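>
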Amino acid sequence: MKTKAIGWMLGWALLGAAAAASAAEISEELRQALQSDLAAIEKETPQMGEVMAALREIGAAYVPELVAPVDVDRYQGVVRRRIMTGTYLMDLTYAATFGRQADAARYGQAVCQLLELVGYPQPELERRYREALEQIDEPGGDERLRNLVQEQQQSKLWQDRLQNSDGVEFAADNLYGFLLEGLYLTAELCYLSNYDPASMAYVAYLRDSFQAYNRLLDRMGGSPEFAGWVEAHDRMNFLASVFVILGDKPEIAPAQLDALRPAIVQARDKFVR
């Protein structure tokens, strides 16, 4: 299958409710362990651009109402903003893969605006997305935006944040937003495509990435640096739903996906509303 990959090698699903964000340095041993966990998540997760390209090739149509509204000001609170950074990254990938260039530019700009709000400003990138949106209908506009998206994808957004506790929390929240949005979009497109086997396979891949993410959560939960941050709550309940409903078999049946979709929507609506 041809893969026009506009995507990120990302891993998936988080728990974490942030208590007060801490800038305390974390130990080198823990930092390396966390980086190793993230690398494992990436290895076990499909390139989301390839997922979307594959779904497009089997006939699933882009559905505008599936994506999150581009309105940065509606998202208050550092945790919600960090999660929405990841959500917008997925919508950027989704829009770009389906050729919705103007949407991709808007989501890219929203990512940059949120990064500034959570303490990781990238003014040059924000400026370039703003210009890309302004120039989208000019000759070469699509190609300029495509190059910008690819540049951003090559920069592992969370990998260089693991020097302190706040950065680890950012990485976890960002991944949660990205991967939950990926699961949401993929599950809906599977439904719209009448459960095409090729598209259902990607839901199974996402399920596997949840499992990989569990190792990261276990490590954070057992670390004194994160004792006040990693706690059982709504996100952990959602992960449990994924594991229980989808199980661990390579193939997922339509009935399993139908049983999980309400939980996906509920988990997503907690911060995309």
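223 is the number that the numbering used here gives to position 223 of the sequence shown; each next residue is one higher, with no gaps. Beta carbons are placed, not taken as given, at the ideal position from N, Cα and C, and that holds for glycine. Note that this is a predicted model, so its numbers are computed, not measured.
Pop quiz: arginine 56 and threonine 93 are said to be a contact at Cβ under 8 Å. What is the actual Cβ separation, rounded to whole angstroms?
12 Å between Cβ atoms; not a contact.
> Do the region 81 to 88 and the region 163 to 174 make contact, defined as three or more Cβ pairs closer than 8 Å?
Touching, yes.
> Would you call the CB atoms of leucine 239 and phenylalanine 210 closer than 7 Å?
Result yes, Cβ atoms of leucine 239 and phenylalanine 210 sit closer than 7 Å.
> Could you tell me which of Glu181, Asn164, Glu225 sits nearest to proline 69, measuring between CA atoms?
For the residues Glu181, Asn164, Glu225, the minimum Cα distance to proline 69 belongs to Glu181.
> Report the three-state DSSP secondary structure of asparagine 164 (helix, strand or coil).
It is a strand residue.
> Under three-state DSSP, which class holds glutamate 25?
Correct three-state label for glutamate 25: strand.
> Starting from aspartate 258, trace the alpha helix (DSSP H) in both directions and tell me its first and last residue.
Looking at the DSSP string, the run of the alpha helix (DSSP H) that includes aspartate 258 is 254 to 269.
> Taking the straight line between their C-alpha atoms, what separation do you get for tyrosine 191 and leucine 260?
Near 12 Å, if we compare the C-alpha coordinates of leucine 260 and tyrosine 191.
> Check asparagine 194 in the structure and name its three-state DSSP category.
Coil at asparagine 194, not helix or strand.
> Taking only three categories from DSSP, how would you classify lysine 249?
Here lysine 249 sits in coil by DSSP.
> What three-state label does DSSP hand valine 272 in the structure shown?
Looking at valine 272 - three-state DSSP - the assignment turns out to be coil, as it is neither helix nor strand.
> Classify alanine 18 as helix, strand or coil using the three-state DSSP reduction.
Unreliable placement is indicated for alanine 18, whose pLDDT of 29 sits below 50; the coordinate value is still reported in the next sentence. Residue state, collapsed to three classes: coil.
> Hey, how far is the Cα of glutamine 122 from the Cα of alanine 253?
C-alpha separation (whole angstroms): 43 Å.
> If contact is defined by three or more beta carbon pairs under 8 Å, each pair taking one atom from either stretch, is the region 121 to 135 in contact with the region 211 to 227?
Too few Cβ pairs lie closer than 8 Å, so no.
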